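Undergrad: I'd like to ask you about the structure that follows.
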């Protein structure tokens with residue numbers, strides 16, 4: 001049987017899972033694009049991004065475009081590995097329960 | 099603890115987010131249908147009213163400025179219609195039409211389209227009018243093929259059909275306008291109807 005511990009805690013939140021899904025198929029995304037895809041408030045999104053950043057799953061790149069601050073987020077190799085592993089475990093759980 | 103249903107829901111959301119954040123799906127079938135109608139009307143006016151029918155590569159009809167104007171008008175109409183229907187469809191799905199996915203879609207179309215556009219201007223200035231219909235089909239097809247990863251998969255086939263028509267019509271220059279009407283007219287309408295029936299009902 002698959003232990004429930006195989007699932008990383010960081011992905012328990014569906015918003016964090018959605019952030020990782022979006023970053024998995026995009027080289028990088030800025031804050032406003034992520035916000036639009038997820039349909040969440042600034043504060044909520046920022047909190048979840050911070051948490052993923054602390055885990056080392058995503059990295060932040062701050063820059064200025066036309067004098068406006070622009071924050072880009074992208075997945076780290078560790079993040080990709082953890083996300084892929086998470087998908088594998090999800091798949092196994094669903095298969096084992098069928 | 100999560101139930102099996104939750105895990106299935108997790109996977110569904112992962113898939114949906116991956117698609118939503120990488121593909122622009124607010125392109126409407128209606129945009130294709132209308133663009134096709136404009137193209138057919140334009141080709142008909144150019145042929146019967148303006149007597150435009152290039153039979154060989156080197157061809158300079160007296161109605162050329164009017165034909166160019168007509169072509170630009172069709173292009174603007176088709177673009178405006180596409181933007182309008184995308185805006186409408188996006189509005190319904192709660193998606194903005196100027197977002198990360200639409201920007202990427204346009205960026206991937208831009209290089210083939212710009213290269214094609216500049217080449218057409220050069221062809222006009224050299225009087226090589228017979229090549230314009232085949233080459234617009236070819237470059238438009240390449241742009242679609244290149245951008246298809248970022249929207250409906252069907253756009254890939256649309257692109258391949260246009261490339262094919264462009265190549266065939268560059269062999270049969272005297273039928274260039276007919277091929278152009280088939281590619282930009284009939285194929286667009288067929289594609290638009292297909293997309294509408296498959297995704298918009």
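Residue numbers (this note's numbering), protein chains in the order written: chain A, 1 to 98; chain B, 99 to 299.
Beta carbons are placed, not taken as given, at the ideal position from N, Cα and C, and that holds for glycine.
Bear in mind that the values here come from a model prediction, so they are computed numbers and not experimental data.
Closer than 7 Å between beta carbons: that is the criterion. Which residues of the segment 108–127 of chain B meet it against chain A?
TA: Flagged, chain order: 108, 109, 111, 112, 115, 116, 118, 119 and 120.
Undergrad: Within the 8 Å Cβ cut-off, does residue 113 of chain A reach chain B?
TA: Residue 113 of chain A cannot be examined here, being either before or after the span of chain A that is shown, 1 to 98.
Undergrad: Who are the neighbours of residue 194 of chain B on chain A, taking C-beta pairs under 7 Å?
TA: As a position in the second chain, residue 194 of chain B is number 96, starting the count at 1. Correct list: 36.
Undergrad: Determine whether the Cβ of residue 209 of chain B lies closer than 8 Å to any Cβ atom of chain A.
TA: As a first step, residue 209 of chain B is located in the second chain; it is residue number 111 there, counting from the start. Judged by the 8 Å Cβ criterion, residue 209 of chain B is not in contact with chain A.
Undergrad: Have a look at B/262, B/281, B/214 and B/296 and flag the residue whose alpha-carbon is nearest the alpha-carbon of residue 251 of chain B.
TA: Here the question's residue 251 of chain B lines up with position 153 in the second chain. Nearest option by C-alpha distance: B/296.
Undergrad: Quick one: what does DSSP say residue 57 of chain A is sitting in, helix, strand or coil?
TA: Against the first chain, residue 57 of chain A aligns to sequence position 57. In the structure shown, residue 57 of chain A sits in coil (DSSP, three-state: anything other than H, G, I, E or B).
Undergrad: Using 10 angstroms around the beta-carbon of residue 271 of chain B, count the other beta-carbons present and answer buried if the total reaches 16, otherwise exposed.
TA: As a working note, residue 271 of chain B is residue 173 in the second chain. Residue 271 of chain B should be labelled buried.
Undergrad: Mind reading off the beta-carbon distance from residue 16 of chain A to residue 45 of chain A? Whole number of angstroms is fine, and I expect it under 8 Å.
TA: By one-based count along the first chain, residue 16 of chain A stands at place 16. By one-based count along the first chain, residue 45 of chain A stands at place 45. Contact doesn't hold; Cβ gap of about 10 Å is too wide.
Undergrad: Please identify, using Cβ separations under 7 Å, the residues of the segment 168–201 of chain B that lie next to chain A, in order along the chain.
TA: Under the 7 Å Cβ criterion, the segment 168–201 of chain B contributes 194, 197 and 198.
Undergrad: Determine the burial state of residue 70 of chain A: buried for a count of at least 16 other Cβ atoms within 10 Å of its Cβ, exposed for fewer.
TA: Walking along the first chain from the start, residue 70 of chain A turns up at place 70. Its Cβ having fewer than 16 others within 10 Å, residue 70 of chain A is exposed.
Undergrad: What are the partner residues of residue 30 of chain A, as DSSP defines its beta bridges?
TA: For the purposes of this step, residue 30 of chain A is identified with residue 30 of the first chain, where counting begins at 1. In DSSP, residue 30 of chain A forms a bridge with A/72.
Undergrad: What is the rounded straight-line gap between the Cα of residue 154 of chain B and the Cα of residue 227 of chain B?
TA: Taking the first residue of the second chain as 1, we reach residue 154 of chain B at position 56. Taking the first residue of the second chain as 1, we reach residue 227 of chain B at position 129. Answer to the nearest angstrom: the Cα atoms are 8 Å apart.
Undergrad: Within 8 Å, do at least three Cβ pairs link the segment 229–236 of chain B to the segment 275–294 of chain B?
TA: They touch, by the three-pair rule.
Undergrad: Using a C-beta to C-beta distance shorter than 7 Å, which residues of chain B count as neighbours of residue 60 of chain A?
TA: By 1-based counting over the first chain, the position of residue 60 of chain A is 60. The contacting residues do not exist; residue 60 of chain A stays about 17 Å from chain B at best.
Undergrad: Closest to residue 198 of chain B by C-alpha separation, out of B/135, B/216 and B/248, would be which residue?
TA: Looking up residue 198 of chain B in the second chain gives position 100. Among B/135, B/216 and B/248, the Cα nearest to that of residue 198 of chain B belongs to B/248.
Undergrad: Just checking: is the beta-carbon of residue 45 of chain A within a distance shorter than 8 Å of some beta-carbon in chain B?
TA: Counting from one through the first chain, the residue named residue 45 of chain A turns up at place 45. No, no contact with chain B.
Undergrad: Going straight from the alpha carbon of residue 186 of chain B to that of residue 217 of chain B, what length do you get?
TA: Residue 186 of chain B sits at position 88 when you count from the first residue of the second chain. Residue 217 of chain B sits at position 119 when you count from the first residue of the second chain. When rounded, the distance between both Cα atoms is 34 Å.
Undergrad: How close, in whole Å, do the beta carbons of residue 287 of chain B and residue 192 of chain B come, if the pair is a contact with beta carbons under 8 Å?
TA: Sequence index remark: in the second chain, residue 287 of chain B carries index 189 (1-based). Sequence index remark: in the second chain, residue 192 of chain B carries index 94 (1-based). With a Cβ gap of about 29 Å, residue 287 of chain B and residue 192 of chain B do not count as contacting.
Undergrad: Smallest Cα separation from residue 75 of chain A: which of A/60, A/94 and A/47?
TA: By 1-based counting over the first chain, the position of residue 75 of chain A is 75. Nearest of A/60, A/94 and A/47 to residue 75 of chain A, Cα basis: A/60.
Undergrad: On the DSSP bridge assignment, give the partners of residue 64 of chain A in chain order.
TA: Within the first chain, numbered from 1, the residue matching residue 64 of chain A stands at position 64. BP columns for residue 64 of chain A point to A/69.
Undergrad: Buried or exposed: residue 48 of chain A, going by 16 or more other Cβ atoms within 10 Å of its Cβ?
TA: Here residue 48 of chain A is taken as the residue at index 48 of the first chain, counted from 1. Looking at its Cβ environment, which holds 16 or more other Cβ atoms inside 10 Å, residue 48 of chain A is buried.
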